[in-house]
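Trainee:
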């Protein structure tokens, strides 16, 4: 814990130390008719260093800010960021230093204090922030931790795409956040602010302590014409875990694909799998599913554990003969989804069949579990069909 805490300020200050180092001035007089102006190696990306904010039921509004340092035509890139979390009242430091000795090879050191989740695969940051603020639907569980990582990777270009394998190690010291019962204080939302199933939904506890682990991971991006495949895989092998824990090995795989079907129809496929061997992983490695975004007839994040399986297929038919102002043509669709999550083993899969109708940014769904006959109706934001 002390070593990890001491490492954070060092990583945070690396960009400023590098920027302070300048080469000795050339004593020889130069005779030149023009002056070359070089851009400063330090810049403030996006909006004066302000990064994209997020919003959820634990952190409230998270506002990251920090400078970026670039040296040697992107050979070295470093960032130092402070993130303010309004509901927690915390300022969390983090930093990263990326060294690229060749065009496609990189070494990355990163770390910091933050709020983490294993459920980002359900919704991206933008959609989850909008759903949390608008209707109080936060599809993530969270824990707090100090993390430090060192990894090395290489991007391999292939025809119509690339994949990027990497290997590294991580030190993490984790603790619980939020409340195990509906909290008295919670961030504001337009709807659902006082609901125990929305913004006041309890957050599960994690096992306090340190996890030291090694990992190997890879990502894939491939696209040809209208066929696209994106995926990632990670194997984490722990060799130091909190008391009473086992040195688990956990694999996480996520695959998404989209391709044309009949006429102008499209089909989208998603697979997310978490498997754990050599004992049960600490609860900070649990993944969850249930509710809008996964299995709609279940409560939001009803099931969770160190084993998870989810698969879905979505068939979309656009109604191109009808064009509406701003939102364009509506569409109808049909989705099949099946999934389950548990500790140590998977429970029986829960299936959903979901007809839907939508336009750009808005979709209405009616889901039914063919086994239990449970039903769910949802109307919400959608960034894509």
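Numbering (my numbering), first residue to last: 65 to 449.
For each residue, glycine too, the CB sits at the ideal point set by N, CA and C.
Note that the structure is a prediction, hence the values are computed from the model and not measured.
#1: Figure out for me which residue from 174, 109, 170 has the closest Cα to the Cα of residue 159.
#2: Give every residue of the same chain whose Cβ lies closer than 6 Å to the Cβ of residue 155, excluding the five residues on either side of it in the sequence, and list them in chain order.
#3: In three-state terms, what does DSSP make of residue 385?
#4: Alpha carbon to alpha carbon, how far is residue 390 from residue 186?
#5: Is it the case that the Cβ atoms of residue 269 and residue 347 are separated by a distance below 9 Å?
#6: Do you know offhand how far residue 342's Cα is from residue 212's?
#7: Extract the residue ranges of the beta strand (DSSP E) inside the region 288–322, only unbroken runs of 3 or more that lie entirely within it.
#8: Does residue 108 come out as helix, strand or coil in the three-state DSSP assignment?
#9: Can you tell me where the beta strand (DSSP E) holding residue 220 begins and where it ends?
#10: Start and end of the alpha helix (DSSP H) containing residue 189?
#11: Looking at the secondary structure, which residues open and close the beta strand (DSSP E) in which residue 339 lies?
#12: Quick one: give me the first and last residue of the beta strand (DSSP E) that residue 243 is part of.
#13: Is residue 349 helix, strand or coil by DSSP?
#14: Let me check understanding here. Comparing Cα to Cα, which of 411, 163, 303, 246 lies closest to residue 368?
#15: Going by DSSP, name the residue or residues bridged to residue 169.
#16: Under a Cβ-count criterion, where at least 16 other Cβ atoms within 10 Å of its own Cβ denotes burial, should residue 262 be classed as buried or exposed?
#17: So residue 128 is in the beta strand (DSSP E); what residue range does that whole segment cover?
#18: Tell me whether the region 374–381 and the region 394–409 touch, counting them as touching only if at least three CB pairs, one residue from each stretch, are closer than 8 Å.
#19: Which of the three DSSP states, helix, strand or coil, is assigned to residue 395?
#20: By the three-class DSSP mapping on this structure, what secondary structure does residue 236 have?
#21: What residue range does the beta strand (DSSP E) around residue 204 cover?
#22: What are the start and end residues of the beta strand (DSSP E) that includes residue 427?
#23: Relative to the alpha-carbon of residue 215, which residue among 171, 130, 167, 121 has its alpha-carbon at the smallest distance?
#24: Within 10 angstroms of its Cβ, does residue 441 collect 16 or more other Cβ (buried), or is it exposed?
#25: Determine the burial state of residue 434: buried for a count of at least 16 other Cβ atoms within 10 Å of its Cβ, exposed for fewer.
#26: Apply the 10 Å Cβ neighbour rule to residue 199 and answer buried if 16 or more other Cβ atoms are within range, or exposed otherwise.
#27: If you compare alpha carbons, which of 252, 264, 225, 325 is closest to residue 293?
#28: Do residue 240 and residue 208 have their beta-carbon atoms positioned less than 9 Å apart in this structure?
#29: DSSP three-state label for residue 146, please.
#30: Between the alpha carbons of residue 184 and residue 204, how many angstroms are there, rounded?
#31: Roughly how far, in whole angstroms, is the beta-carbon of residue 349 from the beta-carbon of residue 306, given that I think they are within contact range, below 8 Å?
#32: Under the rule that 16 or more other beta-carbon atoms within 10 Å means buried, what is residue 325, buried or exposed?
#33: Between the beta-carbon of residue 336 and the beta-carbon of residue 375, is there less than 9 Å?
#34: Can you list, in chain order, the residues of its chain with a C-beta nearer than 7 Å to that of residue 125? Leave out the 5 residues immediately preceding and following it.
#35: How should residue 258 be labelled, buried or exposed, when 16 other C-beta atoms within 10 angstroms of its C-beta is the threshold for buried?
Mentor: Taking the geometry as given:
#1: 174
#2: 146, 148
#3: coil
#4: 27 Å
#5: yes
#6: 24 Å
#7: 291–304
#8: coil
#9: 220–222
#10: 189–199
#11: 330–341
#12: Unbroken run through residue 243: none, as it is neither H nor E.
#13: helix
#14: 411
#15: 166, 218
#16: buried
#17: 124–129
#18: yes
#19: strand
#20: strand
#21: No beta strand (DSSP E) contains residue 204, which DSSP labels as neither H nor E.
#22: 425–432
#23: 171
#24: exposed
#25: exposed
#26: buried
#27: 225
#28: yes
#29: strand
#30: 7 Å
#31: Contact flag wrong, Cβ pair sits at about 11 Å.
#32: exposed
#33: yes
#34: 117, 119, 150
#35: exposed
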